[in-house]
Every structure is written in structure tokens, then in C-alpha cells.
Amino acid sequence: VDSNGERGLLGVAFHPNFAISNNFVYVYYTATTPTTHNRISRFTANGDVAALGSEEILVDLPDLSATNHNGGAIHFGADGKLYVAVGDNANGANSQSLATPLGKMLRFNDNGSIPNDNPFCITPGNLACAVWARGLRNPFTFAVQPLTGRIHINDVGEGTWEEINLGAAGANYGWPNSEGPDNVGSFTGPLFTYKHSAAAPPGSGPGGFFVGNVIAGGTFYPT
Numbered sequence: 216v217d218s219n220g221e222r223g224l225l226g227v228a229f230h231p232n233f234a235i236s237n238n239f240v241y242v243y244y245t246a247t248t249p250t251t252h253n254r255i256s257r258f259t260a261n262g263d264v265a266a267l268g269s270e271e272i273l274v275d276l277p278d279l280s281a282t283n284h285n286g287g288a289i290h291f292g293a294d295g296k297l298y299v300a301v302g303d304n305a306n307g308a309n310s311q312s313l314a315t316p317l318g319k320m321l322r323f324n325d326n327g328s329i330p331n332d333n334p335f336c337i338t339p340g341n342l343a344c345a346v347w348a349r350g351l352r353n354p355f356t357f358a359v360q361p362l363t364g365r366i367h368i369n370d371v372g373e374g375t376w377e378e379i380n381l382g383a384a385g386a387n388y389g390w391p392n393s394e395g396p397d398n399v400g401s402f403t404g405p406l407f408t409y410k411h412s413a414a415a416p417p418g419s420g421p422g423g424f425f426v427g428n429v430i431a432g433g434t435f436y437p438t
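Residues 216 to 438 in the working numbering are what the sequence shown lists, from first letter to last.
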């Protein structure tokens, strides 16, 4: 892999039937050939390692021009589809454009094909058809709640806000036109947001007493 900056091995997911039948393991990583780009591949486990020669390349994303904003988290949803969080390659315009999968949450079948019920598919076969939600900056983590399938997307902010967004088909979370609760307008506002600096007075406004610089992750736990 190319491990410069925020590149590298960025996501790992097990197929829902991994232990039952197929031993499939999915990875999201920065490939070096023929050009530098992020890739989704499927391997078959043999014991606790990948079987030699078992890599099956499922998806090659567009070439990278920046070493940051790769995104990279991958998880299976309750619907059996593979969800992939992809950063904007440090170009905010990518996040709103349906001509590219960058700055989006993508959704695939377990073989890398694109489900026919994805919300933005206009031209079948185009990788942009994989887009499930858009308007994200660098969602390098997200979590799926067991049983319910609820998805929380953790999107790293720029100057002021960090976001947790409720995953929804067709949602537009606003980046780069909106960050946190600012100028949300017609976009889907965050479920929760916190600032890089304390509010005045402390505890007032969105985020309350929470302060931090980068949202590093989140998970669901049983009640």
C-alpha cells in the first residue's frame, strides 16, 4: 500500500456469513498501481491469514491528488450491503458532485456490483451509481447498530465543527456549503455536533460542554 499521510490500509470488514460459509474479508486500502488510488478488495481467509492469491479487486476509486481525506471505513449494513465511507480527496467540490464517488457514503452488493435501489443512479454502470449519501468531508469512521441497522457517520470538520450524521439513503450533509449547524438550509443537519473551542458561556449552544478537534470514532453498545 501507499502509506503516505492518511493513506494506507484504512478499513476491514467481515462478510456476515464469514464464519458460516465463505471466509470473505473485505479491505479498503490505497493501491499504488497503475496510479495511486483507493481500492476495495475481497480476500478469502485461510485460518488467520488471507489465502495466497485470493485477492479479488471489487472497486477502484478515482486517482488521488491529496494524501489526506481518504475516508476508508467499511461495514456491512443490516441489509447485507457493503457500506464504504469515502473522503473528498481534499477537494470540497467533490462532495456535492454526483459525477464522482468522492466525499460520499457508497453502497455495494457483496460482490462489488451496485444495487439497483441506490438513490442517485442515473446512468447504470457508472461508479457514481454507488452513491448512497453525499456532502461529506472526511468520514473515516462510521458505525452500524446491531439489529436495527441504524448508521451513524462521523465526519471530520474543518474550521469549527465536528459532526455525527444519521445515515439515510439520499441524504446530503452539506459539505462544503454547510458545516455543523451553520447554514444548514436544505441540507440534512447533523445528529450531534461539537466545536473546536468552548462556547461562551460554557455549555451554551450546539454541542453543549463537548469540545474537541477531530472526531476519531464512535460505536453502539447494548442498553
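For each residue, glycine too, the CB sits at the ideal point set by N, CA and C.
Where residue i falls: helix, strand or coil (DSSP)
i, result
"L381", "strand"
"N261", "strand"
"A288", "strand"
"A413", "coil"
"L406", "coil"
"F239", "strand"
"S256", "strand"
"A234", "helix"
"W376", "strand"
"T245", "strand"
"L321", "strand"
Residue burial classification, residue i (beta-carbon count within 10 angstroms, cutoff 16)
i, result
"V429", "exposed"
"F291", "buried"
"T250", "exposed"
"D263", "exposed"
"G433", "exposed"
"D370", "buried"
"E378", "buried"
For residue i, the first and last residue of its enclosing alpha helix (DSSP H)
i, result
"N369", "Element bounds for N369: not the alpha helix (DSSP H) but the beta strand (DSSP E), I366 to D370."
"A308", "A308 to Q311"
Continuous beta strand (DSSP E) stretch holding residue i: start and end
i, result
"A300", "L297 to V301"
"A228", "L224 to F229"
"A358", "T356 to V359"
"A345", "Unbroken run through A345: none, as it is neither H nor E."
"L273", "E271 to D278"
Chain B within 7 Å of residue i, Cβ atoms only
i, result
"L297", "The structure shown contains no chain B, having only a single protein chain."
Alpha carbon of residue i to alpha carbon of residue j, nearest angstrom
i, j, result
"P416", "D397", "19 Å"
"K319", "R349", "4 Å"
"G395", "G404", "7 Å"
May I ask you to verify whether the segment 326 to 334 touches the segment 364 to 371, counting CB pairs closer than 8 Å and requiring at least 3?
no
Count Cβ pairs between the segment 245 to 263 and the segment 271 to 279 that sit closer than 8 Å; are there 3 or more?
yes
With contact counted as at least three CB pairs below 8 Å, one residue from each stretch, are the segment 397 to 414 and the segment 332 to 341 in contact?
no
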